[in-house]
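Engineer: Heads up: the sequence shown begins at 77 in the numbering used here, then just goes up one per residue.
Below you will find the structure I want to go over with you.
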Amino acid sequence: MERASNSKKAMKIETTLLNKIAMMGQGKFAAQMGIHESRISKWKHGFFQQVSMMLAILEYGVEDEELNRLAKSVAELLTQHNNQSVGFSA
Numbered sequence: 077m078e079r080a081s082n083s084k085k086a087m088k089i090e091t092t093l094l095n096k097i098a099m100m101g102q103g104k105f106a107a108q109m110g111i112h113e114s115r116i117s118k119w120k121h122g123f124f125q126q127v128s129m130m131l132a133i134l135e136y137g138v139e140d141e142e143l144n145r146l147a148k149s150v151a152e153l154l155t156q157h158n159n160q161s162v163g164f165s166a
């Protein structure tokens with residue numbers, strides 16, 4: 077039962093994230109993140125779903141502003157980690 081509840085919450089969070097990116101524009105979002113637009117396309121196929129499930133499991137009952145801040149922070153951390161993995165510095 078709890079898994080179903082978390083899945084429902086996660087879908088709502090993911091939908092919110094994707095809608096906000098769509099409203100802002102994928103290119104603008106990528107530019108503000110400091111990453112290539114193609115990475116956002118890849119993230120739409122799994123990354124946002126995973127992050128959304130993490131937030132749902134952690135019972136993050138966040139408002140839109142907090143969700144945006146949190147999503148940006150997670151994306152920045154992963155970008156830094158990925159850049160360090162391939163020898164780039166952020």
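Where is the CB? At the ideal position from N, CA and C, for every residue including glycine.
Using CA atoms only, rank isn't needed, just tell me which of Q108, M130, S114 is closest to E152.
Structural biologist: Q108
Engineer: Out of curiosity, what's the CA-to-CA distance linking G103 and I111?
Structural biologist: 9 Å
Engineer: Tell me whether G103 sits in a helix, a strand or coil according to DSSP, three-state version.
Structural biologist: helix
Engineer: Rounded to a whole number of angstroms, what is the C-alpha to C-alpha distance between M99 and E78?
Structural biologist: 32 Å
Engineer: Got a sec? Which residues, its chain only, sit under 7 Å from E113 by beta carbon, not counting five neighbours each side?
Structural biologist: Q102, G103, A106
Engineer: How is E78 classed by DSSP in three states: helix, strand or coil?
Structural biologist: helix
Engineer: Using DSSP with H/G/I as helix, E/B as strand and the rest coil, what is K120?
Structural biologist: coil
Engineer: Beta-carbon separation of I89 and S128 under 8 Å?
Structural biologist: yes
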